[in-house]
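Peer 1: Before anything else, here's the structure in question.
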Amino acid sequence: MIGWFLLALGCGTPDDRTPLVVFAASSLTEAFGAVEESFEAAHPHIDVQVVLAGSQVLRMQIEQGAAVDVFASANPHHVNGVVDTPHTFAHNELVVIVPSGNPAGVQRFEDLPNAHRIVLGTDTVPIGRYARTVLNRANPEFAAAVRQRVVSKEANVRLVRAKVALGEADAAFVYRTDALASSVQTVPVPEDLNVRADYPIGVVTTAPHRAEARTFIDFVTSREGQDVLTQYGFLRPDVAE
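Here the sequence shown stands for residues 257 to 497, numbered as in this note's numbering.
Have a look at this one:
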């Protein structure tokens, strides 16, 4: 893992464009790929290099000295202390996903204990934290039954989704945007139990290219950037933000 990051960060740009390293939560994979394309078209002198992983892994890399310009996390916890003045640029919400064919017959959220193999994110990854918040809000007996059926805890939401997509699990909690980007079936989480996942972005305190980093963040939070994100299922931040 660490070697991969070093390889990714060591790849230079083959031209005279300014390299801009953006660390982004894995749930932003498709959306930030499109953001990168649109941003570079408008700013051809900047070469955006997006590195994707679980937010907790990305934070660890920053703390270990990785040369990073922008950090976009799937929750506020992991940006605290490593970016300057984070801004919420998108929201998300949770759904339950089941594999094609739904072998466990999970038709409603209340059916979740019928699943024999449930996957969660680890305690430190945002999707894992959010899923545990949902369970903590649910009926204690229901939550206990779900926890008893957890067979795997994964380091990012894409690994969680993969377990279900490959038929290796009967159900899992993921972001709504990850469900939209896959062939899995979705089961809604009741509104009174669901959480709003906040996505903050900021210039890393040790960023080598601060001006370009601010330009990128301005684009992400602009109408054009927000239009790209909504195309991939993300919710716009509140007007007050």
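C-beta atoms are modelled at their ideal positions from N, C-alpha and C, and glycine is treated no differently. Keep in mind the model is a prediction, meaning the values are calculated, not measured.
Return the chain-ordered ranges of every alpha helix (DSSP H) run that is complete within the stretch 402-450 and spans a minimum of 4 residues.
Peer 2: Within the stretch 402-450, the complete alpha helix (DSSP H) runs of at least 4 residues are 413-421, 432-436.
Peer 1: Out of curiosity, what's the CA-to-CA distance linking Arg315 and Val277?
Peer 2: Approximately 14 Å, taken between the alpha carbons.
Peer 1: Could you tell me the alpha carbon to alpha carbon distance between Glu497 and Ala469, rounded to whole angstroms?
Peer 2: Note on Glu497: pLDDT 42, under 50, position unreliable in the model; the coordinate value appears next. Each residue's Cα considered, the two are about 19 Å apart.
Peer 1: Check whether the stretch 353-373 and the stretch 324-343 are in contact - that is, three or more C-beta pairs closer than 8 Å.
Peer 2: Short answer: they don't touch.
Peer 1: Quick check on the DSSP output: the alpha helix (DSSP H) that includes Leu350 runs from which residue to which?
Peer 2: Note, Leu350: premise wrong, no alpha helix (DSSP H); beta strand (DSSP E) at 339-354.
Peer 1: Over what stretch of residues does the alpha helix (DSSP H) that includes Pro275 continue unbroken?
Peer 2: It is not in any alpha helix (DSSP H) - Pro275 instead sits in the beta strand (DSSP E) that spans 274-281.
Peer 1: Between Asn392 and Val351, what straight-line distance do the alpha-carbon atoms span, to the nearest angstrom?
Peer 2: Computed Cα separation, rounded: 16 Å.
Peer 1: Give me the Cα-Cα distance between Ala421 and Pro355, rounded to the nearest whole angstrom.
Peer 2: The straight-line gap from Cα to Cα measures roughly 5 Å.
Peer 1: Give the secondary structure of Val460 by DSSP, where H, G and I count as helix, E and B as strand, and everything else as coil.
Peer 2: Of the three classes helix, strand and coil, the one that applies to Val460 here is strand, per DSSP.
Peer 1: How should Asn395 be labelled, buried or exposed, when 16 other C-beta atoms within 10 angstroms of its C-beta is the threshold for buried?
Peer 2: By the neighbour-count rule (16 or more Cβ atoms within 10 Å), Asn395 is not buried but exposed.
Peer 1: Three-state secondary structure (DSSP) at Val335?
Peer 2: Residue state, collapsed to three classes: helix.
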